[in-house]
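Mapping of the sequence shown onto UniProt numbering: position 379 corresponds to residue 379, and the numbering continues sequentially without gaps.
Quick reminder that beta carbons are idealized off the backbone N, C-alpha and C, glycines included.
Contents: one structure, followed by commentary.
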Amino acid sequence: MASTPTKTMLEADSDKSTPTLTPYRPGQQFPLEILKSCDAWPFAELQDPEITAAISAVYSNTMSPVLDAIVFGIGKFGAKTHFRAVLKVYDRRFGEHLRSDLHQNHRPHTPEHEAAFQSFVKEGKIESFICGREESMRQKKLLPGCGHILDGTENGIAKFEAALWHESKKLFSCEAEAYERLEDLQGKAIPRLYAHVRLTLPKTLVQKELLDEPETAPYFEVYGIILERITGYNLIDMPMSALSPENTKLWPGIVQSAVDAVHEINKRGVLMRDCGPRNVVVDKRSQTPFVVDLAQCDFKDKLIEEWREYGRHEKEGWDPDTEYCDQLRLASNHGEVGVIMTTLLRRSAGLDVVIRYPKYEKVSNGCCGRQNGSGVNDAV
């Protein structure tokens with residue numbers, strides 16, 4: 001007879017609506033499996049795919065927990081080694097914005113939610129649900145986010161958790177692909193990617209048969225990435241941070257470098273759907289800005305493929321590079337950084353900052369976005 005979830009399994013107390021305690025908090029540690037190492041130091045030194053992460057601090061917990069971690073592993077000749085890095089985990093159970101309902105209220109994970117999700121998986125309903133969700137997304141018939149699923153209908157909670165699992169998997173896949181496409185910018189405009197990792201939920205939280213079956217086990221795996229740790233401050237905090245330059249005349253140059261970094265990302269066919277000063281970290285020593293959140297992106301080649309599916313190529317004079325440039329203008333990743341910062345620095349420090357923005361237009365080699373603009377009015 002199949003076992004049913006117990007309060008011990010789900011880490012619950014007497015109230016099934018009690019929010020699940022996050023394991024991603026300072027002082028906690030857990031094992032990780034390296035799925036892909038990018039052969040960059042210090043990961044090139046590791047000899048064993050099994051590592052342990054000890055959490056020192058939580059940077060953010062909006063869509064996914066982003067953690068300051070000490071990574072322990074086995075290095076050359078069997079010697080123990082450790083180093084500090086950023087661990088980002090794509091866990092459906094946590095993430096304040098990820099788990100929002102239609103009214104933007106946070107809906108925390110609970111033992112009740114977990115029991116519903118595990119039953120949904122055990123009954124074989126999740127695969128068809130995910131397939132239907134992917135088809136709706138392909139046809140652009142799906143509302144953004146997962147909150148609309150919480151409509152009080154049968155299996156609403158289970159479907160909400162299933163959609164969150166699917167969304168978390170997409171966020172991981174997107175960010176991993178973005179780092180791969182932007183490999184030449186790693187260490188320059190974005191952090192270095194060290195590894196892709198996987199965490200399996202403890203057996204005390206999941207029914208044994210679900211973990212043992214190859215068809216169901218993947219729904220209880222949490223994926224993550226380990227990144228270079230940039231010690232510094234968020235660009236949005238520049239006027240207040242003790243780590244920003246005392247000489248305010250240097251501030252406009254840092255903002256310009258951040259705009260240029262965004263431009264370099266766009267030029268390589270990556271369009272960010274979540275871009276702003278809060279997603280830029282400035283290194284305290286070099287004052288170099290790094291874009292740090294690439295989990296919500298579109299890729300030029302995939303956009304062009306979609307446009308062709310919709311028949312846009314049949315329009316007379318249609319050009320995919322021009323269409324991509326139009327999308328860059330509409331998204332205005334550079335403006336989301338530059339315009340916000342120029343306004344902030346004018347109000348907080350009385351600085352009149354002039355930023356050179358790119359003019360996104362098709363050029364002779366088929367690329368988009370020459371850095372030839374000047375002034376706020378060019379932020380189109």
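Who are the Cβ neighbours of Ala217 in its own chain at under 6 Å, not counting the five residues just before and after it? Position 217 of the sequence shown, counted from the start, is the residue given in the question as residue 217. Result list for Ala217: Leu211, in chain order.
Going by DSSP in three states, Tyr360 sits in which element: helix, strand or coil?
Along the sequence shown, read from residue 1 onward, the residue named residue 360 stands at position 360. In the structure shown, Tyr360 sits in a strand (DSSP, three-state: E or B).
*asked:* So, with DSSP's three-state summary, where would you put Asn377?
replied: For the purposes of this step, residue 377 is identified with residue 377 of the sequence shown, where counting begins at 1. Legend: pLDDT at Asn377 = 32, less than 50; position of this residue unreliable, value from coordinates given subsequently. The answer is helix: DSSP assigns Asn377 an H, G or I state.
Residues of its chain near Leu193, where Cβ-Cβ distance is below 7 Å and the 5 sequence neighbours each way are ignored: In the sequence shown, the residue the question calls residue 193 occupies position 193. Counting only Cβ-Cβ distances below 7 Å, and skipping sequence neighbours, we find Cys38, Tyr179, Gln186, Ile225 and Leu227.
Original post:
Taking Cβ to Cβ, would you say Arg84 is nearer than 9 Å to Ile70?
Top reply: As a first step, residue 84 must be located in the sequence shown, where it is residue number 84. As a first step, residue 70 must be located in the sequence shown, where it is residue number 70. The Cβ-Cβ distance between Arg84 and Ile70 falls below 9 Å.
Legend entry - Coarse secondary structure for Asp48, derived from DSSP in three states: Numbered from its first residue, the sequence shown carries residue 48 at position 48. Looking at Asp48 - three-state DSSP - the assignment turns out to be coil, as it is neither helix nor strand.
### When Lys203, Ser286 and Ile236 are compared against Thr343, the one with the closest alpha-carbon
As a working note, residue 343 is residue 343 in the sequence shown. Out of Lys203, Ser286 and Ile236, Ile236 has the C-alpha closest to the C-alpha of Thr343.
Self-check item: Supposed contact pair Phe94 and Thr200 - C-beta distance, whole angstroms, cut 8 Å
Solution: By 1-based counting over the sequence shown, the position of residue 200 is 200. By 1-based counting over the sequence shown, the position of residue 94 is 94. Actually they are not in contact, since the Cβ atoms of Thr200 and Phe94 sit about 16 Å apart, beyond 8 Å.
- prompt: Skipping 5 residues on each side, what residues in its chain have a beta carbon closer than 7 Å to that of Phe160?
  reply: Your numbering for residue 160 matches position 160 in the sequence shown. Excluding positions up to five away in sequence, the list reads Cys146, Ile149 and Leu150.
If you follow the alpha helix (DSSP H) that Lys159 is in, where does it begin and where does it stop? The count along the sequence shown starts at 1 and reaches residue 159 at position 159. In the DSSP annotation of this structure, the continuous segment of the alpha helix (DSSP H) that includes Lys159 starts and ends at Gly156 to Arg181.
Coarse secondary structure for residue 395, derived from DSSP in three states: Limits of the chain in this structure are 1 at one end and 380 at the other, which puts residue 395 out of reach.
* Asked: Which residue's Cα is closest to the Cα of residue 382: Glu213, Ile190 and Met137?
  -> What is shown of the chain runs 1 to 380, which leaves residue 382 out entirely.
Should Leu35 and Val197 be called a contact, given that it needs their Cβ atoms to be closer than 9 Å?
-> Stepping through the sequence shown from its first residue, residue 35 is reached at position 35. Stepping through the sequence shown from its first residue, residue 197 is reached at position 197. Yes. Within cutoff.
Q. Taking the alpha carbon of Val262 as the point to measure from, which residue in Tyr233, Lys208 and Gly338 has its own alpha carbon closest?
A. Taking the sequence shown and counting its residues from 1, one reaches residue 262 at position 262. Nearest option by C-alpha distance: Gly338.
Original post:
In chain order, what residues of the same chain lie with their CB nearer than 8 Å to the CB of His82, ignoring the 5 residues before and after it?
Top reply: Along the sequence shown, one-based indexing puts residue 82 at 82. Ile70, Val71, Phe72 and Gly73.
task: Starting from Ser37, follow the beta strand (DSSP E) in both directions and report where the run begins and ends.
output: Your numbering for residue 37 matches position 37 in the sequence shown. Ser37 -> beta strand (DSSP E) spans Gln29 to Ser37.
Quiz item: DSSP three-state call for Gln256: helix, strand or coil?
Solution: For the purposes of this step, residue 256 is identified with residue 256 of the sequence shown, where counting begins at 1. In the structure shown, Gln256 sits in a helix (DSSP, three-state: H, G or I).
- Can the beta-carbon of Arg268 be found closer than 9 Å to that of Leu164? In the sequence shown, the residue the question calls residue 268 occupies position 268. In the sequence shown, the residue the question calls residue 164 occupies position 164. Cβ atoms of Arg268 and Leu164: not closer than 9 Å.
- Is Val66 near Lys88, with beta carbons less than 9 Å apart? For the purposes of this step, residue 66 is identified with residue 66 of the sequence shown, where counting begins at 1. For the purposes of this step, residue 88 is identified with residue 88 of the sequence shown, where counting begins at 1. Yes, the pair counts as a contact, with Cβ atoms nearer than the cut-off.
key: Own chain residues within Cβ distance below 7 Å of Ser17, not counting five before or after   = Locating residue 17 in the sequence shown gives position 17, where the first residue counts as 1. Excluding sequence neighbours, Ser17 sits near Thr110 and Glu112.
Status (buried if at least 16 other CB within 10 Å, exposed otherwise) for Trp251 = By one-based count along the sequence shown, residue 251 stands at place 251. Label assigned to Trp251: buried.
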